[in-house]
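Chemist: Please read through the structure below; I'll follow up with questions.
In my numbering, the protein residues as written are 89 to 234.
Right, dumping it as structure tokens:
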């Protein structure tokens, strides 16, 4: 199965699981997010979608992203005052570079016991870990300027 066939099949399963009709608008937003490690903002999703489906409105992108997030199909990340979207629902943390803004995932198993330590406080439904710093590429660029 080629990449397009894989996306089509994944989209079909995704819509069936959530009881949604398969529309071209949903498919475009899904295709942008599926396998996307950039944790895109709404405007990034809209730019990507408009290249492929020019008639799609920003309102539609917002509506579909809200629908996906409300159903738990994507994770909404508020980083600073900007909303980002993550298609990877498996437990993982996020490293945000304060200089370039890039977000990278890292495994939470690097921090054993976090979930267990929180259980005494109440029910744990998810664990999110956000780390901020200056990524290696930005540090190296900064060192090269000196």
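Where a beta carbon is used, it is the ideal one built from N, C-alpha and C, also for glycine.
Does DSSP classify residue 189 as helix, strand or coil?
Modeler: On the chain shown, position 101 is the one that residue 189 refers to. Three-state result, residue 189: coil.
Chemist: Between the stretch 181-196 and the stretch 147-155, can you find at least three pairs of beta-carbon atoms closer than 8 Å?
Modeler: Not touching, per the Cβ criterion.
Chemist: When burial is assigned at 16 or more other CB atoms within 10 Å of the CB, is residue 111 buried or exposed?
Modeler: On the chain shown, residue 111 is found 23 positions in, with the first residue counted as 1. Residue 111 should be labelled exposed.
Chemist: Can a CB atom of chain C be found closer than 8 Å to the CB of residue 110?
Modeler: The question asks about chain C, but that chain is absent: this structure has only one protein chain.
Chemist: One question on the structure: do residue 175 and residue 122 come within less than 8 Å of each other, judged by their Cβ atoms?
Modeler: Your numbering for residue 175 matches position 87 in the chain shown. Your numbering for residue 122 matches position 34 in the chain shown. The answer is yes: Cβ separation under 8 Å.
Chemist: Please classify residue 225: is it buried, with 16 or more other beta-carbons within 10 angstroms of its beta-carbon, or exposed?
Modeler: Here residue 225 corresponds to residue number 137 of the chain shown, with the count starting at 1. Looking at its Cβ environment, which holds fewer than 16 other Cβ atoms inside 10 Å, residue 225 is exposed.
Chemist: For residue 164, which beta-bridge partners are listed by DSSP?
Modeler: To locate residue 164, count along the chain shown from 1; it is residue 76. Paired residues: 173.
Chemist: If you draw a straight line from the alpha carbon of residue 179 to that of residue 203, how long is it in whole angstroms?
Modeler: Reading the chain shown from its first residue, position 91 is the one you call residue 179. Reading the chain shown from its first residue, position 115 is the one you call residue 203. Distance between the alpha carbons of residue 179 and residue 203: 11 Å.
Chemist: Quick one: complete alpha helix (DSSP H) runs, 4+ long, within the stretch 116-151?
Modeler: Runs of the alpha helix (DSSP H) inside the stretch 116-151: 130-140.
Chemist: How would you write the range of the alpha helix (DSSP H) that residue 220 sits in, first residue to last?
Modeler: Along the chain shown, read from residue 1 onward, the residue named residue 220 stands at position 132. First-last for residue 220: 218-221, but that is the beta strand (DSSP E), not the alpha helix (DSSP H).
Chemist: Secondary structure at residue 93, three-state DSSP: helix, strand or coil?
Modeler: The residue you call residue 93 lines up with position 5 of the chain shown. Note: residue 93 maps to helix in three-state DSSP.
Chemist: Excluding sequence positions up to five away, which residues of its chain have a Cβ less than 8 Å from the Cβ of residue 124?
Modeler: In the chain shown, residue 124 corresponds to position 36, counting from 1. Only 175 meet the Cβ criterion.
Chemist: On the DSSP letters alone, give me the boundaries of the alpha helix (DSSP H) that residue 207 sits inside.
Modeler: Along the chain shown, read from residue 1 onward, the residue named residue 207 stands at position 119. Element bounds for residue 207: 202-207.
Chemist: Could you compute how far the alpha carbon of residue 138 sits from the alpha carbon of residue 166?
Modeler: The sequence position of residue 138 within the chain shown is 50, counting from 1. The sequence position of residue 166 within the chain shown is 78, counting from 1. If I take the Cα positions, the gap works out to 24 Å.
Chemist: Run through DSSP, which three-state label would residue 240 get?
Modeler: In the structure as shown, the chain begins at 89 and stops at 234. Residue 240 is therefore absent and cannot be evaluated.
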